[in-house]
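J.:
Residue numbers (our numbering): 525 to 825.
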């Protein structure tokens, strides 16, 4: 009897691990990306959504930061589970070339826009390019808009109501436009990093994320985790680059020029003839130099 109980216990434990792994393997995966310029609050928002407390010490995301969160979607008589894979990357110029692969296959994009720094010309150009790439690589992607720093930033700089209204109009008319007009699942305005605001943000944005995942369609998510993970790889390559400096080359060239016809010099009806004459020419020639350049590539697996 004792041996039978032991065997039954072992069988149950093994069944739990085996069938538990199978169950985990068939849970749908959703790719959720954070888009926005440097300092717009992407990493803070990712930290909040994964149940952690954000840091007051602002640090740039250097390369690619990833996290995974289990999300329950309301369904008839039960709750369906989706694993959300959060992708957060640097908005630095040197990483702009990887944005195509970064946004490829995204199911939900959380667009973070800082109201107090939005109208820096470099920022607006960058975020507009990002949304254009998203429209090409993930045209069915659901959009959540989070307007950050609508009250103040973590340095205490106050954001004016005029800045907030301009930011709202810009996001609605320029960034969203016609491409994602019918795919926005909600807005949230995140005033500051105060304790109460963080709790409110976690609840509200989590609810918006559930809505976005539900609207995308539970059955449309892949069951495998293929392509859900990635890393940025930096490679040193040799290139011939053109320098802005140039060297001057002095040379003669023969040009056509009209000169008086010698045979008609003493005549009242003077004529001209075309003759090849030498002219001094100085031209600038750029020179190339051989150097090593760091290239960033996104490796998805």
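Cβ atoms here follow ideal geometry from the backbone N, Cα and C, with glycine treated the same way. All of these numbers come straight from a predicted model, not from anything done at the bench.
1. Output the boundary residues of the alpha helix (DSSP H) element that contains residue 593.
2. If distances are taken between C-alpha atoms only, which option among 816, 706, 735, 726 comes closest to residue 758?
3. DSSP on residue 545, reduced to helix/strand/coil?
4. Thinking residue 709 and residue 755 are a contact (beta carbons under 8 Å), I'd like their distance in whole angstroms, please.
5. I'd like to know whether the C-beta atoms of residue 716 and residue 676 end up nearer to each other than 7 Å.
6. So, for residue 819: in the same chain, excluding its five sequence neighbours on each side, which residues have a beta-carbon less than 6 Å away from its beta-carbon?
7. Mind checking residue 611: buried by the 16 CB within 10 Å criterion, or exposed?
8. Using the Cα positions of residue 603 and residue 728, report the straight-line distance between them to the nearest angstrom.
9. Between the beta-carbon of residue 554 and the beta-carbon of residue 608, is there less than 7 Å?
10. What is the DSSP secondary structure of residue 622, counted as helix, strand or coil?
11. If the criterion is Cβ atoms closer than 7 Å, does the pair residue 672 and residue 565 meet it?
12. Which class does residue 674 belong to by DSSP, given the choice of helix, strand or coil?
13. According to DSSP, is residue 685 helix, strand or coil?
14. Looking only at its own chain, which residues have a Cβ that is under 6 Å from the Cβ of residue 571, when we skip the five neighbours before and after it?
15. Are residue 654 and residue 559 touching if we call contact CB-CB under 7 Å?
16. Between 659, 799, 551, 787, which lies nearest to residue 627 when the distance is taken from Cα to Cα?
17. Three-state secondary structure (DSSP) at residue 826?
18. Keeping to the same chain, check which residues put their C-beta closer than 6 Å to that of residue 825; ignore five residues upstream and five downstream.
19. So, helix, strand or coil for residue 822, using DSSP?
20. Looking at residue 822 and residue 625, is the spacing between their C-beta atoms short of 7 Å?
21. Could you check what DSSP says for residue 665 in three-state terms: helix, strand or coil?
T.: For this structure:
1. Residue 593 -> not in any alpha helix (DSSP H); beta strand (DSSP E) instead, spanning 588-599.
2. Measuring C-alpha to C-alpha distances from residue 758 to each of 816, 706, 735, 726 identifies 816 as the nearest.
3. Reliability fails at residue 545, whose pLDDT of 43 lies under 50, so the model's placement of it is uncertain and no value is given.
4. Rounded, the Cβ-Cβ distance is 29 Å, inconsistent with contact.
5. In contact: residue 716 and residue 676 (Cβ atoms closer than 7 Å).
6. Excluding sequence neighbours, residue 819 sits near 759, 761.
7. buried
8. 19 Å
9. yes
10. helix
11. yes
12. DSSP, read as helix, strand or coil, puts residue 674 in coil.
13. DSSP places residue 685 in helix when its eight states are reduced to three.
14. For residue 571, where only same-chain residues beyond five positions count, the Cβ hits under 6 Å are 578.
15. Cβ distance < 7 Å, so residue 654 and residue 559 count as in contact.
16. 659
17. Absent from the structure is residue 826, since the part of the chain shown begins at 525 and ends at 825.
18. 753
19. strand
20. yes
21. coil
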